[in-house]
Amino acid sequence: MEHAPAWLTNSLIYLSAAVLVVPLSKALGLGSIIGYLVAGIAIGPWGLGLVSRVEDVLHFAEFGVVLMLFLVGLELEPKRLWNLRRPIFGWGTAQVLSCAAVLFAIGCAVGAPWRVSLVAALGLALSSTAIALQVFGERNLLRTPSGQAGFSILLFQDVAAIPILAILPLLAGATVAEQSMSGLDRLLEGLKIFGVIGGIVLGGRLALRPVLRWIARSDTPEIFTAAALLLVVAIAALMQFVGLSMALGAFLAGVLLAESEYRRELETDIEPFKGLLLGLFFIAVGMTIDFGVLLASPWIMAMLVVGFMAIKLVVIYALAKAMGLAYQERPVFTLLLAQGGEFAFVVFQSAGPDVLPPQVTSLLIGAVALSMLLSPLLLVLIDRYLLPRYSRIGGPQLEEISEQQDAKVLICGFGRYGQIVGRMLMSQGLRVTVLDHDADNVEGLREFGFRVFYGDATRLDLLRTAGAGTAKAVVVAVDDIEQSLEIVDLFRENFPQAQIIARARNVSHLFQLRDRGVTLVEREVFESSLRSARSVLEVLGWPAHEARESSMRFRERNLKLTDDIYPHYKDRAKLIAVNKAGRQQFEEQMAREREERKRRAGRDWDRQEDDEAPKP
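In short: position in the sequence shown from 1, add 805, done, that's my numbering.
So this is what it looks like as structure tokens:
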């Protein structure tokens, strides 16, 4: 492709790397961010060497962070943002200053020059807004206390990047001429900054909505998308012009439009661009990792990465404790803020050789990039090994079931499904043994008088103590599908005398239960959904008996279709074919019944007219 334009070649490389590596990373349970970072390493200078101008890619990809902050701003109304002013400037200041102070002190203690220690400390104190907000969003944590606290701190870091960049020339040593001009220049710069911010605020309040309304009236969707992108690009350019954070300006624009009637349409139009550009940003970060420095000084790099992350972990965890965050939320919150951030690249590159020697700059940039690569990996380990233990800290401490039980019915899982089953059986005077692994749920149910035991129903010893060896019936009502199947396997192998009644989360779960010989299975929302559909028909004017008959026919046909496709559910092509054929037959049958109902209604109407007609 010698004669192909650069944009075409690069697009082919980036998209191919993302499409090949990211799904594989997701399939391995590592998440999309690791996939993007690995893709960047693979195509970068230290991989296949397909891309060499990494800096240009990184500058362009930073626009993904800008779009992300704009979308975050759209979710925050000005009133809500005002309510966050204390955590933003309180906890944000505490995080940046405390992390920077400790890092600076340790840097000086190991013999680094104070200027190098200060710039390194300020840069390493910042966190990755892109990764943190992405993870908070994927886990639906943004509205939790930890998500709100994390967002506030990250927003303050974007603001703090401005004075950090401003002091770098002072650390390098300004000339006498520059110092003599600094007073007037600083005044003009300050007026320019306030003027741009004031213009964005006033323009957002007075001009943006009428302009968007005028564009929307053109009834040209692609132009509205272009206008949304133009809005973000223009505000980012203005902020860049006055030396402020582009992401901060985009966030401010988003807040101003949070109450706009075009908020949802703006989100829909920009979301695809944000996702792709964020992916490109992570790819660019992967390409920036200088493995040459890593190979030349592996122990120094390892100590630098482990050292600064460990220091930040300790400081931020203490901060999370002081903020009163729940134990269960602290590990993820701490890790996401302990990694390095994208603004650190800007800080280290802007410092220049007068403050940071090139070798030190390469080490610091490599350490930040490696921390951003390690964080998603550490997050996987936290999910698998740490959070299950943390889920019990700070909650009610309950002893597992220890006394031998002899009830004839055992219920595994006492959530919204198991409670209804258990309450009905108890109302008939039956003794029931209930096992549930959620201590908070157990404690709450005990307050209401339910006899519920704390225990993991996938443990064979606990099942024996709970009376599984003498039980006649076991109700498997746990939420998790894999856990449900594991409990069924334990009973089939060790307690065959117990009849299994199971809850199925979906059709796939139903089929897997059938594979294990379980015949008494109920889909958890099937019957209630049918009742809701029946109520809709009655609201639309159907006679109650016809709505009931229609729902019953649909139920029978759906159960028959489930039986028909069960033998083929592992053969996707056959499954789809049988499913389509069954649905088509059912729809044709329903259409015939509707026509017959219309004809009957017509005959009844004619007969009614004949009865009401005057007799000669």
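Ideal Cβ positions, reconstructed from N, Cα and C, are used throughout, including at glycine.
Problem set entry | Opening and closing residue of the alpha helix (DSSP H) in which Thr1160 lies | For the sequence presented, residue 1160 should be read as Val rather than Thr. Taken as a continuous stretch (DSSP letters only), Val1160 belongs to no alpha helix (DSSP H), as it is neither H nor E.
Problem set entry | Close-in-space but distant-in-sequence residues of the same chain around Arg1321 (CB under 8 Å, 5 per side omitted) | For Arg1321, where only same-chain residues beyond five positions count, the Cβ hits under 8 Å are Leu1290, Val1293, Asp1294, Arg1297.
Exercise. If you draw a straight line from the C-alpha of Arg1269 to the C-alpha of Val1330, how long is it?
Worked result: A direct Cα-Cα distance of roughly 31 Å separates Arg1269 from Val1330.
Exercise. Which residues in the same chain have their Cβ closer than 7 Å to the Cβ of Val1237, if we skip the five residues on either side of it in sequence?
Worked result: Ala1212, Val1214, Ile1216, Gly1227, Leu1230, Met1231
Exercise. Leaving out five residues before and five after Met986 in sequence, what residues of the same chain have Cβ atoms less than 6 Å from its Cβ?
Worked result: Its pLDDT being 47, under 50, Met986 is placed unreliably by the model, and nothing is read from it.
For this session: Could you check if Ala1349 is buried or exposed, using at least 16 other CB atoms within 10 Å of its CB as the buried criterion?
Result: exposed
For this session: Spell out the partners DSSP gives Gln1304 in its beta bridges.
Result: For Gln1304, which the question treats as bridged, DSSP gives the partners Ala1278.
Problem set entry | Backbone CA spacing between Asn1299 and Phe956 [nearest angstrom] | 50 Å
Problem set entry | Local Cβ density within 10 Å of Asp1241, reported as buried at 16 or more and exposed below that | buried
For this session: May I ask you to report which of helix, strand or coil DSSP gives Thr1324?
Result: coil
For this session: In angstroms with no decimal places, state the Cα-to-Cα distance between Glu756 and Gly1387.
Result: Residue 756 lies beyond the residue range present for the chain, which begins at 806 and ends at 1421; the question has no answer from this structure.
Exercise. Just how far apart, CA to CA, sit Leu1081 and Val1383?
Worked result: 37 Å
Problem set entry | the segment 832 to 851 contacting the segment 1035 to 1043, beta-carbon criterion three pairs below 8 Å | no
Exercise. Taking the alpha helix (DSSP H) that Ile1216 falls in, what are its first and last residues?
Worked result: Segment 1214 to 1217 is the beta strand (DSSP E) holding Ile1216; no alpha helix (DSSP H) there.
Exercise. Once you ignore the five residues that flank Ser1355 on each side, which residues in its own chain have a CB closer than 7 Å to its CB?
Worked result: Leu1342
For this session: Using the Cα positions of Leu1057 and Gly878, report the straight-line distance between them to the nearest angstrom.
Result: 7 Å
Problem set entry | Status (buried if at least 16 other CB within 10 Å, exposed otherwise) for Met1128 | By the neighbour-count rule (16 or more Cβ atoms within 10 Å), Met1128 is buried.
Exercise. By Cβ distance below 8 Å, which residues in the same chain neighbour Leu853 in space, the five residues on each side in sequence not counted?
Worked result: Ala847
For this session: Leaving out five residues on either side along the sequence, give the residues of the same chain with a beta carbon under 8 Å from the beta carbon of Leu1140.
Result: Leu1118, Ser1180, Leu1183, Leu1184, Ile1187
Problem set entry | Three-state secondary structure assigned by DSSP to Ala1063 | coil
Problem set entry | Alpha-carbon to alpha-carbon, Ala1172 and Met1106 | 6 Å
Exercise. Taking the C-alpha atoms as reference points, what is the distance between Leu829 and Phe1359?
Worked result: 40 Å
For this session: Leaving out five residues on either side along the sequence, give the residues of the same chain with a beta carbon under 6 Å from the beta carbon of Leu1178.
Result: Leu842
Exercise. Is the beta carbon of Val924 less than 8 Å from the beta carbon of Leu1175?
Worked result: no
Exercise. Taking contact to mean at least 3 C-beta pairs separated by less than 8 Å, is the segment 928 to 935 in contact with the segment 891 to 905?
Worked result: yes
Exercise. For Gly912, does the count of other Cβ atoms within 10 angstroms reach 16, so buried, or fall short, so exposed?
Worked result: buried
Problem set entry | Beta-bridge pairing of Asp1294 - partner residues as DSSP gives them | Asp1294 pairs with nothing; no bridge assigned.
Problem set entry | Inter-residue spacing [alpha-carbon to alpha-carbon] between Ile1286 and Glu1027 | 43 Å
For this session: Out of Ser1337, Val1137, Asp1261, Gln953, point me to the one whose CA is closest to Leu1191's CA.
Result: Val1137
Problem set entry | Whole runs of the alpha helix (DSSP H) within the segment 1063 to 1151, excluding any shorter than 4 residues | Fully enclosed alpha helix (DSSP H) runs of 4 or longer: 1068 to 1093, 1096 to 1101, 1103 to 1128, 1135 to 1143.
For this session: Kindly indicate which three-state DSSP category Thr898 falls into: helix, strand or coil?
Result: In the displayed model, Thr898 falls within a helix according to three-state DSSP.
For this session: Can you grab the Cα-Cα spacing for the pair Met1044 / Leu1085, in whole Å?
Result: 22 Å
Exercise. Which residue's Cα is closest to the Cα of Val1165: Met1357, Gly1097, Val921?
Worked result: Val921
Problem set entry | Anticipated Cβ contact below 8 Å, Val1281 with Ala1307, distance rounded | 4 Å
Problem set entry | Residue ranges of each alpha helix (DSSP H) within the segment 899 to 974, 4 or longer | Within the segment 899 to 974, the complete alpha helix (DSSP H) runs of at least 4 residues are 919 to 929, 934 to 943.
Problem set entry | First and last residue of the uninterrupted alpha helix (DSSP H) at Val1500 | Beyond the ends of the chain as shown, which are 806 and 1421, falls residue 1500; an answer cannot be given.
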